[in-house]
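In what follows, a single structure is set out as structure tokens and then discussed.
Number of protein chains: 2
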Amino acid sequence: MTKSPPLDLSPAARQVAALKPFQPGAPAVTVSATIKSRSPDGYAAAVGELTAAFGNRLVTSQAVRQQHGNTVTWIANQPPDAVVFPQSTEDVQQIVRICSKHGMPIIPYGVGSSLEGHVNAPQGGVSIDFRDMNSLLKVHAEDLDCVVQAGITRKTLNEQLRDSGLFFPIDPGADASLGGMASTRASGTNAVRYGTLKDNVIAMKVVLANGEVIDTARRAKKTSAGYDLTRLMIGSEGTLGIITELTLKLSGIPEAISGGTCPFPSVEAACNAAIMTIQAGIPVARIELLDALQVRAINLGSKLSLPETTLLFLEFHGTEASVKEQSERFNEISQELGGGPFVWTTRAEERTKMWEARHNAAFSNFTLRPGAAMIATDVCVPISRLAECVTATQADIAASRIIAPIVGHIGDGNFHLTMLIDLGDADEVERAEGLSGRLVERALSMDGTCTAEHGVGQGKMKYMQAEHGAAAVAAMRAIKQALDPQNILNPGKMIAQG
Amino acid sequence: MTKSPPLDLSPAARQVAALKPFQPGAPAVTVSATIKSRSPDGYAAAVGELTAAFGNRLVTSQAVRQQHGNTVTWIANQPPDAVVFPQSTEDVQQIVRICSKHGMPIIPYGVGSSLEGHVNAPQGGVSIDFRDMNSLLKVHAEDLDCVVQAGITRKTLNEQLRDSGLFFPIDPGADASLGGMASTRASGTNAVRYGTLKDNVIAMKVVLANGEVIDTARRAKKTSAGYDLTRLMIGSEGTLGIITELTLKLSGIPEAISGGTCPFPSVEAACNAAIMTIQAGIPVARIELLDALQVRAINLGSKLSLPETTLLFLEFHGTEASVKEQSERFNEISQELGGGPFVWTTRAEERTKMWEARHNAAFSNFTLRPGAAMIATDVCVPISRLAECVTATQADIAASRIIAPIVGHIGDGNFHLTMLIDLGDADEVERAEGLSGRLVERALSMDGTCTAEHGVGQGKMKYMQAEHGAAAVAAMRAIKQALDPQNILNPGKMIAQG
Numbered sequence: 001m002t003k004s005p006p007l008d009l010s011p012a013a014r015q016v017a018a019l020k021p022f023q024p025g026a027p028a029v030t031v032s033a034t035i036k037s038r039s040p041d042g043y044a045a046a047v048g049e050l051t052a053a054f055g056n057r058l059v060t061s062q063a064v065r066q067q068h069g070n071t072v073t074w075i076a077n078q079p080p081d082a083v084v085f086p087q088s089t090e091d092v093q094q095i096v097r098i099c100s101k102h103g104m105p106i107i108p109y110g111v112g113s114s115l116e117g118h119v120n121a122p123q124g125g126v127s128i129d130f131r132d133m134n135s136l137l138k139v140h141a142e143d144l145d146c147v148v149q150a151g152i153t154r155k156t157l158n159e160q161l162r163d164s165g166l167f168f169p170i171d172p173g174a175d176a177s178l179g180g181m182a183s184t185r186a187s188g189t190n191a192v193r194y195g196t197l198k199d200n201v202i203a204m205k206v207v208l209a210n211g212e213v214i215d216t217a218r219r220a221k222k223t224s225a226g227y228d229l230t231r232l233m234i235g236s237e238g239t240l241g242i243i244t245e246l247t248l249k250l251s252g253i254p255e256a257i258s259g260g261t262c263p264f265p266s267v268e269a270a271c272n273a274a275i276m277t278i279q280a281g282i283p284v285a286r287i288e289l290l291d292a293l294q295v296r297a298i299n300l301g302s303k304l305s306l307p308e309t310t311l312l313f314l315e316f317h318g319t320e321a322s323v324k325e326q327s328e329r330f331n332e333i334s335q336e337l338g339g340g341p342f343v344w345t346t347r348a349e350e351r352t353k354m355w356e357a358r359h360n361a362a363f364s365n366f367t368l369r370p371g372a373a374m375i376a377t378d379v380c381v382p383i384s385r386l387a388e389c390v391t392a393t394q395a396d397i398a399a400s401r402i403i404a405p406i407v408g409h410i411g412d413g414n415f416h417l418t419m420l421i422d423l424g425d426a427d428e429v430e431r432a433e434g435l436s437g438r439l440v441e442r443a444l445s446m447d448g449t450c451t452a453e454h455g456v457g458q459g460k461m462k463y464m465q466a467e468h469g470a471a472a473v474a475a476m477r478a479i480k481q482a483l484d485p486q487n488i489l490n491p492g493k494m495i496a497q498g
Numbered sequence: 001m002t003k004s005p006p007l008d009l010s011p012a013a014r015q016v017a018a019l020k021p022f023q024p025g026a027p028a029v030t031v032s033a034t035i036k037s038r039s040p041d042g043y044a045a046a047v048g049e050l051t052a053a054f055g056n057r058l059v060t061s062q063a064v065r066q067q068h069g070n071t072v073t074w075i076a077n078q079p080p081d082a083v084v085f086p087q088s089t090e091d092v093q094q095i096v097r098i099c100s101k102h103g104m105p106i107i108p109y110g111v112g113s114s115l116e117g118h119v120n121a122p123q124g125g126v127s128i129d130f131r132d133m134n135s136l137l138k139v140h141a142e143d144l145d146c147v148v149q150a151g152i153t154r155k156t157l158n159e160q161l162r163d164s165g166l167f168f169p170i171d172p173g174a175d176a177s178l179g180g181m182a183s184t185r186a187s188g189t190n191a192v193r194y195g196t197l198k199d200n201v202i203a204m205k206v207v208l209a210n211g212e213v214i215d216t217a218r219r220a221k222k223t224s225a226g227y228d229l230t231r232l233m234i235g236s237e238g239t240l241g242i243i244t245e246l247t248l249k250l251s252g253i254p255e256a257i258s259g260g261t262c263p264f265p266s267v268e269a270a271c272n273a274a275i276m277t278i279q280a281g282i283p284v285a286r287i288e289l290l291d292a293l294q295v296r297a298i299n300l301g302s303k304l305s306l307p308e309t310t311l312l313f314l315e316f317h318g319t320e321a322s323v324k325e326q327s328e329r330f331n332e333i334s335q336e337l338g339g340g341p342f343v344w345t346t347r348a349e350e351r352t353k354m355w356e357a358r359h360n361a362a363f364s365n366f367t368l369r370p371g372a373a374m375i376a377t378d379v380c381v382p383i384s385r386l387a388e389c390v391t392a393t394q395a396d397i398a399a400s401r402i403i404a405p406i407v408g409h410i411g412d413g414n415f416h417l418t419m420l421i422d423l424g425d426a427d428e429v430e431r432a433e434g435l436s437g438r439l440v441e442r443a444l445s446m447d448g449t450c451t452a453e454h455g456v457g458q459g460k461m462k463y464m465q466a467e468h469g470a471a472a473v474a475a476m477r478a479i480k481q482a483l484d485p486q487n488i489l490n491p492g493k494m495i496a497q498g
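The following block contains the structure:
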């Protein structure tokens, strides 16, 4: 972590940030050895051609550039040289061809909810904002799939799908765009049952660095025909191609849903409950861990009165009979482990209130320290190591004297740390950096990953070698070099040298 | 399809095939423009170094080479120059380094059950037989995963897992090796519920063409850290790296299983039952279509007396209560569509007998035409197009005057055509080739794929451009070139030029 000031999420602070003077010439994080040299003349020529082609859909105003150069991240603002708003795959193709001609970096932009500096422009360039490519193009109800443009957000998609009886289950905290979710291999609370983005995309339309458009696969559910370009593009953070359309796997809206909360005497007991539930084959749809501090934040933020102890939020999907059976079996497991009672309901209003509180957890955290900046990070370990990892992290939080609630998608072994920091206190910032770094080291030492769903961006580049080893990172770089020899696609991110 | 004689699977014919004179110098399917030139001196030097390193684990006898140059396929025998039997990842690494030095092709070999000429050696080279790397290395019961060597077969794995209460659900027809299954992105009857190989591998150890060993991922269930090397390697048919170990996702053996058969008046009614079942959210574990001719073959081969009409074989996994509920709901659906009755049971013996008959379907087909050669192919389409595709294919079979039962994993839109051919009849062979080609064209015209689970190998290379388009195939070739610049990893397969 650098000492760059994190972005404070309070509305007032965001306004101030938006007014910060434009800082031109932010230093490039990296330039690959093979890159065509970037030149101011090339940049100017690219912007000129884009302006000629896109008219007022190409914006170079300082406010808009800054807005696209820094999202929900602690990394300093790095604005692009221009922002363009395409309306079709052909538009994106034209943008890429112009940028390729002039060696101009291209940064795809969804809603700007990424947490690791994915959309910043460390080498300048053009931000492609998918705001206007937000259509649900087709629903194939019999095939349980749909085709969307990359800019549609998950909530909009599910609103438009509602009448079909189908839904797209992946739910990261933000109302992110589907293109952005695919780019970071996003997941969320439903992943324990429905998988992550990688499991719920059938095919994508992608513009490659050479301006060619490919379909990564056909609409068939399975294929053995060739390299899995779909999965290669998912999680590649815009560094291998620009996603313009996605064919998504949909799920039926469950006939019945039960949900509730269950207290536990310890993190270990709660994690053991998750392990036993999954081992028993109970197809739990959501199983979320909140530590006592996170429950307190939710109580304050959402005006609830949940017991301020280690708590699981659960949900079961199925028929009326099966969700009852699943809920009862979970209750037995929780009691075996000294937890419970599991208070559950199938009533929609109560469940919705509970899950809204869970989804608003991040914002509720401000109640713990009004005016603080929020730095979020996530790791994932094998579930057998989860209790140990969370407990050691709680001890480290206490020793570091940082306010940092924990919330976890524990069916997957994934948890988040949300640090509330006073950025004016250099000593505190240093303690937070240490805590965050040790969290990653702890996860890696347990055969875990430095990020389960936030992605690498710029923030976690420094851990790629430790996680994957030099040979695997070299293989990733060889793939990047093969598909983007000019290094124009979101340069300076993920596996950039340096 | 070429006019090469297909391999007859009858034991007598196999013996004859094994005695066929060795045909040296089979023409290379392709040599990439960038390849180091292959030279007889280089091949001899590689075999010499391998012999020095591996002693009697390096075999050059004609019989063994031929056995490794032609498996369950219609493609002519193309034997490697030598076969080597490694015992560790380090052995494989040494083999790759020696072969790389001398520009010698390397062909990974599991049990030789591939159907499209994946293990043939069109350019000669060294076949790496994983027979001796067949250990279950670790079971992490709490994490529902295990680590295996690439040569273990799926049945051996499940026998060794039995006491853990866990199983690996992917079941292609053959008792294939896990390395081979990963290489072809295999699936089988359980895929509708449990997914394919791509969904059930967490990480792999892979030896790259440069001799470096990588782990494609950590053991955490989810990650957003970097390109998905796991999924890139799965289905790459040994052309991007040599898989030596796999970390597999396991599932709990279901508490209860119900299964049975259900007749339908038409393929369309049966496909509609599959669509309605899946749309209703019934988590069917297996839903297999057999056409009347396939049922007849099974009746003859397995001494059963199933109704010789369009038939579904089904299985439901869950608790006693839930499998009963699922079975009853399916029965209602089948009756709505004029099918049924759905005769089901939870008794293990009866279910086992039924599924053994299903798994032996391919061999039962010989009862329809004793002495014939068997040519198997598979395609996959969106399930909404499946009835149309199967029905049109049945009409084409009749018009082509070919004996060809159909069996399908219809929850995925995937079906197999098994043609029983008299190879001495040139006219019949030509009609079979036409039928097989039109099947692929039909699938592609319905947004389907030329292969759902058999893979490309040499047999379906000619369809790659039609399926993916030139730009996507070029992207695949760029990746191949980046990771294997010498083109030593299973050359002449999948996306080879030519």
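Heads up: the sequence lines are chains Z and F, in that order. Read in order, the letters of the first sequence are residues 1 to 498 in the working numbering. Read in order, the letters of the second sequence are residues 1 to 498 in the working numbering. All C-beta atoms, glycine included, are put in the ideal place defined by N, C-alpha and C.
Secondary structure of residue i, DSSP reduced to three states
i: F:LEU144; result: coil
i: F:CYS271; result: helix
i: Z:LEU260; result: This sequence places Gly at residue 260 of chain Z; Leu is not what is there. In the structure shown, Z:GLY260 sits in a strand (DSSP, three-state: E or B).
i: F:GLN149; result: strand
i: Z:PRO24; result: Reliability of the predicted coordinates at Z:PRO24 is poor, the pLDDT of 29 falling under 50, and the value obtained from them is presented with this limitation in mind. Coil at Z:PRO24, not helix or strand.
i: F:VAL111; result: coil
i: F:ALA426; result: helix
i: Z:SER436; result: helix
Inter-residue Cα distance where the pair is residue i and residue j
i: F:LYS155; j: F:THR189; result: 15 angstroms
i: Z:ALA404; j: Z:THR60; result: 38 angstroms
i: Z:ASP129; j: F:THR309; result: 55 angstroms
i: Z:PHE313; j: Z:VAL343; result: 10 angstroms
i: F:VAL119; j: F:GLY437; result: 22 angstroms
i: F:ALA348; j: F:PRO265; result: 28 angstroms
i: Z:SER251; j: Z:GLN326; result: 19 angstroms
i: Z:VAL92; j: Z:THR51; result: 14 angstroms
i: Z:ALA432; j: Z:GLY459; result: 14 angstroms
i: Z:ILE278; j: F:CYS262; result: 32 angstroms
i: F:THR34; j: F:PRO172; result: For F:THR34, the pLDDT reaches just 37, beneath the cut-off of 50, and the residue's location in the model is therefore unreliable, leaving the point undetermined.
i: Z:LYS480; j: Z:SER114; result: 21 angstroms
Short Cβ contact (8 angstroms threshold) for residue i with residue j
i: F:ALA82; j: F:VAL126; result: yes
i: Z:THR244; j: Z:VAL201; result: no
i: F:ILE242; j: F:ILE106; result: yes
i: F:ALA452; j: F:ASN414; result: yes
i: Z:ALA426; j: Z:SER364; result: no
i: Z:PRO443; j: Z:VAL381; result: With the sequence shown as reference, residue 443 of chain Z is identified as Ala, and Pro is not the correct amino acid for it. Yes, the Cβ-Cβ distance between Z:ALA443 and Z:VAL381 is below 8 angstroms.
i: F:GLY110; j: F:ALA176; result: yes
i: Z:SER187; j: F:LYS249; result: no
i: F:LEU489; j: F:GLY151; result: no
Cβ-heavy atom distance, residue i to the ligand ATP, below 7 angstroms
i: F:VAL59; result: The ligand content of the structure shown is nil, which means the ligand ATP is not present either.
Enumerate, from N- to C-terminal direction, the unbroken beta strand (DSSP E) stretches of 3 or more residues contained entirely within the stretch 311 to 397 of chain F. 343 to 345 and 373 to 380
In the stretch 410 to 435 of chain Z, which residues sit with their C-beta less than 8 angstroms from some C-beta in chain F, listed in chain order? ASP412, GLY413 and ASN414
3 or more residues per run - each beta strand (DSSP E) lying fully within the stretch 24 to 108 of chain F: 82 to 84
Check each residue of the stretch 207 to 227 of chain Z: if its Cβ is closer than 9 angstroms to any Cβ of chain F, include it; give the result in chain order. LEU208, ASN210, GLU212, VAL213, ILE214, ASP215, THR216, ALA217, ARG218, ARG219, ALA220, LYS221, LYS222, THR223, SER224, ALA225, GLY226 and TYR227
Members of the stretch 178 to 189 of chain Z that neighbour chain F once the beta carbon cut-off is set at 8 angstroms: THR184, ARG185, ALA186 and SER187
Of all the residues that make up the stretch 448 to 470 of chain Z, which are near chain F by a beta-carbon distance shorter than 9 angstroms? GLY448, THR449, CYS450, THR451, ALA452, GLU453, HIS454, GLY455, VAL456, LYS460, TYR463, MET464, GLU467, HIS468, GLY469 and ALA470
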